[in-house]
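Student:
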Amino acid sequence: MNTTAIDTAPPAPSDYYSLTEAPPRNGTLLGFWIYLMSDCFIFASLFACYAVLGTEYAGGPSGADVLDLPGLAVNTALLLVSSVVFGFAMLEMARQRKGAMLGWLAVAGLLAAAFVSLEVHEFLTMIADGAGPGRSAFLSSFFTLVATHGLHVTLGILWLIVLMVQTFKFGLNTDNVRRLRCLSMFWHFLDLVWVGVFSYVYLVGVLR
Amino acid sequence: MSQPTSSGHAMPPGNHDAMHDDPMHEHQGSLRGYLTGFVLAAILTVIPFWLVMGHVIANKQVLILVILALAIVQIFVHIVYFLHLDTRSESGWNMMAFIFTAVLVIIVLGASIWVMYNENVNMMPMSPQYQQHPISHQPTANQPPQ
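Respectively, the protein sequence lines represent chains E and R. Converting from the first sequence to our numbering requires adding 12 to each position, the first position being numbered 1. Converting from the second sequence to our numbering requires adding 323 to each position, the first position being numbered 1.
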């Protein structure tokens, strides 16, 4: 750049703004990753809440009384398999095989739906047994954390159905591929959070 | 001032990742990667369930530490094999955001537990009857003097 040129002629806008530089590649994926990281904070706060309040039973049932480990094992397996199956769908997407991808996505969605229905059943059983979220601080923090995760999974299933319809109608265009990549990150992220839930809330919860 | 470039390939290495140019083929992973992640995650899930349900370790403190350690290892397995996080994705910004989040999450969790534990330990003990019937005693205890 030439300083004397500033006096004689106004500089072109491109000297100040990099108009020709492309935006960061896959900015949407980076943005969605940052959203997931912010979601981490929600779960971290709820985990901290459970860590602090998890032994305040108020004379009510403790973790060992109400938490169902065999049911938890089934739920954990469902979510892990669902996560891997979603990965298979992404591999088919990279090969541009729409039918196979939709098939794997349907399997992943059904597994997640089974997870949510088992969890709702567990909640209803606990509430019927008098161990609802209003019983003690332990149960309040338990329901808040686990239900927030379950709500995420439910919304993920809704998003999955919408994207399956979109892909079925309009094919694997750039927009749908980008959206499916975001949903893929969301899906794997929820499985990652579940690792914390089953380890800390349930397995440690029945011990203390 | 850096030279404006029209194509990502012309950028110097390290500025942007020229290897990842095609958004259609970003982070696609591989079948081997997903299956490796699945097997590792399954093993790291089965071990803590077995430890708790089979009453393998008698010492509760040790058992809890082992469960938490296995959970942290499994979280990293998920991040590497399922979320495909590495230093190259999105020019390293994914990794930066992740490290930032991890530091803050550790502070939020660790400090909350530490502070509240010390508060519980050091707080004046409540009277036994108050602890036994907290709900029936609370309204009268909190009522202002008439």
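All C-beta atoms, glycine included, are put in the ideal place defined by N, C-alpha and C.
Pairing CB atoms from the segment 99 to 110 of chain E with CB atoms from the segment 79 to 91 of chain E, are three or more of them under 8 Å?
Tutor: Touching, no, given that fewer than three Cβ pairs across the two stretches are closer than 8 Å.
Student: For the pair the segment 148 to 161 of chain E and the segment 54 to 74 of chain E, tell me if three or more CB-CB distances fall below 8 Å.
Tutor: The answer is yes - the segment 54 to 74 of chain E touches the segment 148 to 161 of chain E, with three or more Cβ pairs under 8 Å.
Student: Helix or strand or just coil, what does DSSP make of Arg147 of chain E?
Tutor: Arg147 of chain E falls in the coil class under three-state DSSP.
Student: For chain R, check one thing: does any of its Cβ atoms lie closer than 9 Å to the Cβ of Met113 of chain E?
Tutor: No, no contact with chain R.
Student: Can you tell me whether Ala159 of chain E is helix, strand or coil according to DSSP?
Tutor: The answer is helix: DSSP assigns Ala159 of chain E an H, G or I state.
Student: Which of the three DSSP states, helix, strand or coil, is assigned to Gly355 of chain R?
Tutor: The amino acid at residue 355 of chain R is misidentified as Gly; the sequence shows Arg. Helix, per DSSP.
Student: What span of residues does the alpha helix (DSSP H) with Tyr12 of chain E cover, start to end?
Tutor: As shown, chain E starts at 13 and ends at 220. That puts residue 12 of chain E outside it, with no answer to give.
Student: Ordered along the chain, which non-local residues of its own chain (more than five positions away) have a Cβ less than 8 Å from that of Tyr357 of chain R?
Tutor: Result list for Tyr357 of chain R: Tyr404, Phe405, in chain order.
Student: When the Cα atoms are used, what is the spatial distance from Tyr212 of chain E to Leu175 of chain E?
Tutor: Between Tyr212 of chain E and Leu175 of chain E, the C-alpha separation is close to 33 Å.
Student: With 16 other CB atoms within 10 Å as the buried threshold, where does Ile366 of chain R fall?
Tutor: So Ile366 of chain R counts as exposed.
Student: Between the segment 195 to 216 of chain E and chain R, which residues of the former have CB atoms less than 8 Å from a CB of the latter, in chain order?
Tutor: Flagged, chain order: Met197, His200, Phe201, Asp203, Leu204, Val207, Gly208, Phe210, Ser211, Tyr212, Leu215, Val216.
Student: Out of E:Cys61, E:Ile46, E:Ala143, E:Phe98, point me to the one whose CA is closest to Trp199 of chain E's CA.
Tutor: The candidate whose alpha carbon is nearest that of Trp199 of chain E is E:Phe98.
Student: Is the Cβ-Cβ distance between Phe44 of chain E and Met197 of chain E less than 9 Å?
Tutor: In contact: Phe44 of chain E and Met197 of chain E (Cβ atoms closer than 9 Å).
Student: Return yes when the Cβ of Val165 of chain E is within less than 9 Å of the Cβ of Phe127 of chain E, no when it is not.
Tutor: Cβ atoms of Phe127 of chain E and Val165 of chain E: closer than 9 Å.
Student: Report, in whole angstroms, the separation of the C-beta atoms of Asn38 of chain E and Glu413 of chain R, which I expect to be a contact under 8 Å.
Tutor: The Cβ separation is near 6 Å, so the contact holds.
Student: With a 10 Å radius around its C-beta and 16 neighbouring C-beta atoms as the bar for buried, classify His401 of chain R as buried or exposed.
Tutor: Buried, by the Cβ-count rule.
Student: Output yes or no for whether 9 Å exceeds the beta carbon distance between Ala420 of chain R and Met49 of chain E.
Tutor: Yes, they are a contact pair.
Student: Nearest CA to the CA of Ser57 of chain E: which residue from E:Gly75, E:Pro145, E:Thr156, E:Leu117?
Tutor: When each option's Cα is compared against that of Ser57 of chain E, the closest is E:Thr156.
Student: Can you find a C-beta in chain E that's less than 9 Å from the C-beta of Asn445 of chain R?
Tutor: By this cut-off, Asn445 of chain R is not an interface position.
Student: Listed in chain order, which residues of the segment 369 to 384 of chain R have Cβ atoms closer than 7 Å to some Cβ of chain E?
Tutor: Answer set for the segment 369 to 384 of chain R: Pro371, Phe372, Val375, Met376, Lys383.
Student: Are the C-beta atoms of Ala124 of chain E and some chain R residue less than 9 Å apart?
Tutor: No, Ala124 of chain E lies away from the interface with chain R (no Cβ there is under 9 Å from its Cβ).
Student: Measure the CB-CB distance between Met439 of chain R and Ala85 of chain E and report whether it falls below 9 Å.
Tutor: For Met439 of chain R and Ala85 of chain E, no; Cβs fall outside 9 Å.
Student: Please list, in chain order, the chain R residues whose beta carbon lies closer than 8 Å to that of Val218 of chain E.
Tutor: Under the 8 Å cutoff, chain R gives Val375.
Student: Checking contacts by CB at 9 Å: is Thr424 of chain R closer than that to chain E?
Tutor: Yes, Thr424 of chain R counts as interfacial toward chain E.
Student: Consult DSSP for Tyr214 of chain E and reduce its assignment to one of helix, strand or coil.
Tutor: Tyr214 of chain E falls in the helix class under three-state DSSP.
Student: Compute the distance between the beta-carbons of Leu204 of chain E and Ile370 of chain R, then report whether it is under 9 Å.
Tutor: No, the pair does not count as a contact, with Cβ atoms beyond the cut-off.
Student: Considering only the alpha carbon of each residue, which of E:Phe59, E:Gly162, E:Leu41 lies closest to Gly433 of chain R?
Tutor: Considering only alpha carbons, the answer is E:Phe59.
Student: Between the beta-carbon of Gly83 of chain E and the beta-carbon of Ala124 of chain E, is there less than 9 Å?
Tutor: Cβ atoms of Gly83 of chain E and Ala124 of chain E: not closer than 9 Å.
Student: What number of angstroms, rounded off, separates the C-alpha of Val385 of chain R from the C-alpha of Phe210 of chain E?
Tutor: Cα-Cα distance, rounded: 18 Å.
Student: Determine the burial state of Trp206 of chain E: buried for a count of at least 16 other Cβ atoms within 10 Å of its Cβ, exposed for fewer.
Tutor: Buried, because 16 or more other Cβ atoms sit within 10 Å of the Cβ of Trp206 of chain E.
Student: Starting from Pro73 of chain E, trace the alpha helix (DSSP H) in both directions and tell me its first and last residue.
Tutor: Unbroken run through Pro73 of chain E: none, as it is neither H nor E.
Student: Please tell me whether Val375 of chain R and Leu215 of chain E are closer than 9 Å, where the distance is taken between their beta carbons.
Tutor: Yes. Within cutoff.
Student: Return no unless some Cβ of chain R is closer than 9 Å to the Cβ of Ser95 of chain E.
Tutor: Yes, contact with chain R.
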